[in-house]
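Numbering (my numbering), first residue to last: 69 to 217.
Each residue gets a CB set at the ideal place from its N, CA and C atoms; glycine is no exception.
None of these values were measured; they are calculated from a predicted model.
Working notes for the structure below.
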(Lines of atoms letter the chains of each structure in order from A and count residues from 1; the text may use other names and numbers.)
(Lines give C-alpha, C1' and ligand atoms only; values in the text may rest on other atoms or scores of the structure.)
Protein backbone atom coordinates (compact mmCIF):
# COMPACT_ATOMS: atom_id res chain seq x y z
CA UNK A 1 0.00 0.00 0.00
CA UNK A 2 2.80 2.44 0.90
CA UNK A 3 4.62 1.91 -2.39
CA UNK A 4 1.38 2.34 -4.33
CA UNK A 5 0.30 5.64 -2.76
CA UNK A 6 3.23 7.27 -0.95
CA UNK A 7 4.48 9.39 -3.84
CA UNK A 8 1.06 10.84 -4.67
CA UNK A 9 0.20 11.42 -1.02
CA UNK A 10 3.56 13.13 -0.43
CA UNK A 11 3.04 15.37 -3.48
CA UNK A 12 -0.40 16.31 -2.18
CA UNK A 13 1.09 17.08 1.25
CA UNK A 14 3.79 19.19 -0.42
CA UNK A 15 1.23 21.08 -2.47
CA UNK A 16 -0.66 21.93 0.73
CA UNK A 17 2.31 22.76 2.93
CA UNK A 18 4.94 24.00 0.49
CA UNK A 19 7.59 22.46 2.74
CA UNK A 20 9.34 19.13 2.08
CA UNK A 21 9.96 18.26 5.73
CA UNK A 22 6.38 19.10 6.65
CA UNK A 23 5.16 16.99 3.70
CA UNK A 24 7.31 14.10 4.96
CA UNK A 25 5.74 14.39 8.41
CA UNK A 26 2.19 14.60 7.07
CA UNK A 27 2.72 11.60 4.81
CA UNK A 28 4.28 9.45 7.53
CA UNK A 29 1.53 10.29 10.01
CA UNK A 30 -1.20 9.55 7.45
CA UNK A 31 0.20 6.10 6.68
CA UNK A 32 0.67 5.40 10.38
CA UNK A 33 -2.99 6.21 11.02
CA UNK A 34 -4.14 3.96 8.19
CA UNK A 35 -1.95 1.16 9.52
CA UNK A 36 -3.34 1.65 13.04
CA UNK A 37 -6.91 1.61 11.68
CA UNK A 38 -6.20 -1.81 10.19
CA UNK A 39 -9.12 -3.64 8.61
CA UNK A 40 -11.53 -0.75 9.24
CA UNK A 41 -10.10 0.93 6.13
CA UNK A 42 -11.25 -0.67 2.89
CA UNK A 43 -8.55 -1.02 0.24
CA UNK A 44 -10.90 0.45 -2.36
CA UNK A 45 -11.10 3.74 -0.45
CA UNK A 46 -7.63 3.92 1.07
CA UNK A 47 -6.41 6.69 -1.26
CA UNK A 48 -9.34 8.96 -0.40
CA UNK A 49 -8.83 8.13 3.27
CA UNK A 50 -5.14 9.09 3.05
CA UNK A 51 -5.99 12.36 1.31
CA UNK A 52 -8.52 13.20 4.01
CA UNK A 53 -6.03 12.39 6.77
CA UNK A 54 -3.31 14.55 5.20
CA UNK A 55 -5.75 17.43 4.74
CA UNK A 56 -6.96 17.22 8.34
CA UNK A 57 -3.43 16.91 9.74
CA UNK A 58 -2.32 19.88 7.64
CA UNK A 59 -5.18 22.03 8.91
CA UNK A 60 -4.44 21.11 12.53
CA UNK A 61 -0.72 21.75 12.09
CA UNK A 62 -1.39 25.03 10.29
CA UNK A 63 -3.61 26.19 13.13
CA UNK A 64 -0.89 25.33 15.67
CA UNK A 65 1.80 27.07 13.63
CA UNK A 66 -0.31 30.19 13.23
CA UNK A 67 -0.86 30.36 16.97
CA UNK A 68 2.87 30.25 17.70
CA UNK A 69 3.86 32.38 14.70
CA UNK A 70 5.83 29.62 12.95
CA UNK A 71 5.04 29.64 9.23
CA UNK A 72 7.20 27.88 6.64
CA UNK A 73 9.02 29.90 4.01
CA UNK A 74 7.07 28.98 0.87
CA UNK A 75 9.52 30.51 -1.59
CA UNK A 76 12.45 28.67 -0.03
CA UNK A 77 10.58 25.35 0.00
CA UNK A 78 9.45 25.66 -3.60
CA UNK A 79 12.65 27.10 -5.09
CA UNK A 80 14.07 23.68 -5.93
CA UNK A 81 10.98 22.83 -7.96
CA UNK A 82 11.31 25.80 -10.29
CA UNK A 83 9.78 29.22 -10.64
CA UNK A 84 6.52 28.02 -12.18
CA UNK A 85 5.81 25.54 -9.40
CA UNK A 86 6.70 28.20 -6.84
CA UNK A 87 4.21 30.61 -8.37
CA UNK A 88 1.44 27.99 -8.48
CA UNK A 89 2.07 26.99 -4.86
CA UNK A 90 1.91 30.62 -3.77
CA UNK A 91 -1.28 31.20 -5.71
CA UNK A 92 -2.81 28.04 -4.24
CA UNK A 93 -2.06 29.31 -0.74
CA UNK A 94 -4.05 32.46 -1.49
CA UNK A 95 -7.13 30.43 -2.40
CA UNK A 96 -9.76 29.48 0.18
CA UNK A 97 -8.82 26.16 1.79
CA UNK A 98 -11.87 24.22 0.53
CA UNK A 99 -11.32 25.42 -3.05
CA UNK A 100 -7.62 24.55 -2.91
CA UNK A 101 -8.33 21.11 -1.47
CA UNK A 102 -11.03 20.32 -4.03
CA UNK A 103 -8.79 21.39 -6.90
CA UNK A 104 -5.82 19.39 -5.63
CA UNK A 105 -7.94 16.32 -4.92
CA UNK A 106 -9.07 16.36 -8.54
CA UNK A 107 -5.89 17.49 -10.32
CA UNK A 108 -3.21 15.93 -8.13
CA UNK A 109 -4.92 12.87 -6.71
CA UNK A 110 -7.35 12.11 -9.53
CA UNK A 111 -10.28 11.68 -7.17
CA UNK A 112 -13.78 11.55 -8.64
CA UNK A 113 -16.24 14.33 -7.99
CA UNK A 114 -18.23 11.91 -5.83
CA UNK A 115 -15.14 11.20 -3.69
CA UNK A 116 -14.35 14.91 -3.41
CA UNK A 117 -17.94 15.61 -2.43
CA UNK A 118 -17.82 12.93 0.25
CA UNK A 119 -14.56 14.28 1.69
CA UNK A 120 -15.81 17.87 1.74
CA UNK A 121 -19.36 16.93 2.84
CA UNK A 122 -20.96 18.41 -0.29
CA UNK A 123 -22.87 16.88 -3.20
CA UNK A 124 -21.14 15.51 -6.28
CA UNK A 125 -22.56 18.39 -8.34
CA UNK A 126 -21.32 20.95 -5.83
CA UNK A 127 -17.88 19.31 -5.93
CA UNK A 128 -17.85 19.57 -9.73
CA UNK A 129 -18.75 23.28 -9.55
CA UNK A 130 -16.21 23.93 -6.76
CA UNK A 131 -13.38 22.33 -8.77
CA UNK A 132 -14.34 24.23 -11.93
CA UNK A 133 -14.53 27.56 -10.10
CA UNK A 134 -11.26 26.90 -8.27
CA UNK A 135 -9.51 26.05 -11.54
CA UNK A 136 -10.92 29.19 -13.17
CA UNK A 137 -9.89 31.31 -10.19
CA UNK A 138 -6.35 29.88 -10.22
CA UNK A 139 -6.00 30.71 -13.92
CA UNK A 140 -7.31 34.24 -13.34
CA UNK A 141 -4.94 34.70 -10.39
CA UNK A 142 -2.01 33.44 -12.46
CA UNK A 143 -2.84 35.72 -15.37
CA UNK A 144 -3.30 38.72 -13.09
CA UNK A 145 -0.14 37.84 -11.19
CA UNK A 146 1.84 37.42 -14.41
CA UNK A 147 0.90 40.85 -15.76
CA UNK A 148 2.09 42.63 -12.63
CA UNK A 149 5.70 41.49 -13.15
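Between the alpha carbons of residue 105 and residue 191, how many angstroms are there, rounded? A straight-line Cα-Cα distance of about 27 angstroms links residue 105 and residue 191.
For residue 184, which three-state DSSP category applies? helix
Rounded to whole angstroms, what is the Cα-Cα separation between residue 97 and residue 183? Cα to Cα, residue 97 sits roughly 22 angstroms from residue 183.
Does the distance from the C-beta atom of residue 85 to that of residue 176 stay below 7 angstroms? One thing to note: residue 85 has its Cβ no nearer than 7 angstroms to the Cβ of residue 176.
Quick one: grab the DSSP three-state call for residue 212. helix
Determine the closest residue to residue 81 out of 113, 125 and 110, with distance taken between C-alpha atoms. 125
Whether residue 99 touches residue 70 by CB criterion (7 angstroms): yes
Since residue 169 contacts residue 123 with CB under 8 angstroms, what's their CB separation in whole angstroms? 6 angstroms
Nearest to residue 210 by CA position, among 121, 160, 93 and 131, is which residue? 160
Could you check what DSSP says for residue 104 in three-state terms: helix, strand or coil? In this structure, residue 104 counts as helix in the three-state DSSP scheme.
Whole-Å CB distance - residue 172 paired with residue 120, under 8 angstroms assumed: About 12 angstroms separates the two Cβ atoms, so there is no contact after all.
Between the CA atoms of residue 77 and residue 185 - distance to the nearest angstrom: 19 angstroms
Apart from the five residues just before and just after residue 179, which ones in its own chain have a Cβ nearer than 8 angstroms to its Cβ? 115, 116, 119, 173 and 187
Please classify residue 234 as buried or exposed, where buried requires at least 16 neighbouring CB atoms within 10 angstroms. Given that the chain is displayed from residue 69 to residue 217, the structure contains no residue 234 and the question cannot be resolved.
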